[in-house]
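Under our numbering, the first residue of the sequence shown carries the number 1255, and numbering increases by one thereafter. Even for Gly, the Cβ is constructed at its ideal location relative to N, Cα and C. To keep things clear, I will list the structure first and then write my remarks on it.
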Amino acid sequence: MTKKIVSLKEARAIRDQVASRGGRVVFTNGCFDLLHVGHVRYLQEAKRQGDLLIVGVNDDGSTRRLKGEGRPFMLQGDRAEILAALECVDYVVLFGEPTAESLVRALQPDIYVKGGNYTLEELPEADVVAEYGGEIYLTPVARGRSTTGLIAAIVAHHREDR
C-alpha cells in the first residue's frame, strides 16, 4: 500500500497542515472504475486549481450501489493504488457513502471539483461547500471519454471475437 492512500483522519491532518501554510486544498471524488484518459485529464485539471489534491474513491460497496451489479470491475485497493500513482494526485481516501458530503464536511477543501457533466443543482455536496464558504469548480467535459463508452467498446470487441 502506498503512503498516498490515507485514512480520513490522516487526510484531515494533511489538509490542516497545508492550509496553515496558506496552501489551497482541492478535493474531488468518484468511483474511477476502469481509469481512462478522461479521468486523468479531469484530475490534472483539478490539481491545477490548488496546491494539494485529495481524491475520494468510492469503496466497492458504494460503487456497486451507484453503478449496479457487476461493478466495480476493479477492486477498491487497485483503483486507489492506480490513482495514487498519478503525479497530479497527492492523496487518496476511500469512502463508503454514495455521496461525498461527509468527506467534504470533514475536509472542508478550498475548492471542490466535479466534472462538467454535473450542475450545481445536482451536486448533493454543494450545500455543504456553501456552509463553510468553499468554492465549487466544474471541469470541462472530455467528450467521447467515459467509462460507459469504454465498457461498450470492450463488449462490442469481445462479441466480434466470438
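Around the CB of residue 1345, 16 or more other CB atoms lie within 10 Å, so the residue is classed as buried.
Cβ atoms of residue 1381 and residue 1304 stay farther apart than 8 Å, at about 21 Å. For residue 1368, the uninterrupted beta strand (DSSP E) run begins and ends at 1365-1369, by DSSP.
Look at residue 1382 here: in three-state DSSP terms it is helix.
Burial state of residue 1261 is exposed, judged by a 10 Å Cβ sphere holding fewer than 16 other Cβ atoms. Cβ-Cβ distances below 6 Å link residue 1336 to 1289 in the same chain, with the five nearest sequence neighbours on each side left out; the list follows chain order. The Cβ neighbour count for residue 1264, taken over all protein chains shown within 10 Å, is under 16; the residue is labelled exposed.
By the neighbour-count definition (other C-beta atoms within 10 Å, threshold 16), residue 1316 is a buried residue. By the criterion of a C-beta distance shorter than 6 Å, residue 1278 is surrounded in its chain by 1304, 1305 and 1364, once the five residues flanking it on both sides are discounted.
Apart from sequence neighbours up to five positions away, the residues of its chain that approach residue 1297 with a beta-carbon distance below 8 Å are 1282, 1307, 1309, 1337, 1340, 1342 and 1343, ordered along the chain. Bounds of the alpha helix (DSSP H) holding residue 1297 are 1291-1301. The residues 1279, 1305 and 1306, in chain order, have a CB closer than 7 Å to that of residue 1272 in the same chain once the five nearest residues on each side in sequence are set aside. Taking 8 Å as the upper bound for CB-CB distance, residue 1259 and residue 1360 are not in contact here, some 17 Å apart.
With a threshold of 16 other beta carbon atoms within 10 Å, residue 1379 meets it and is buried.
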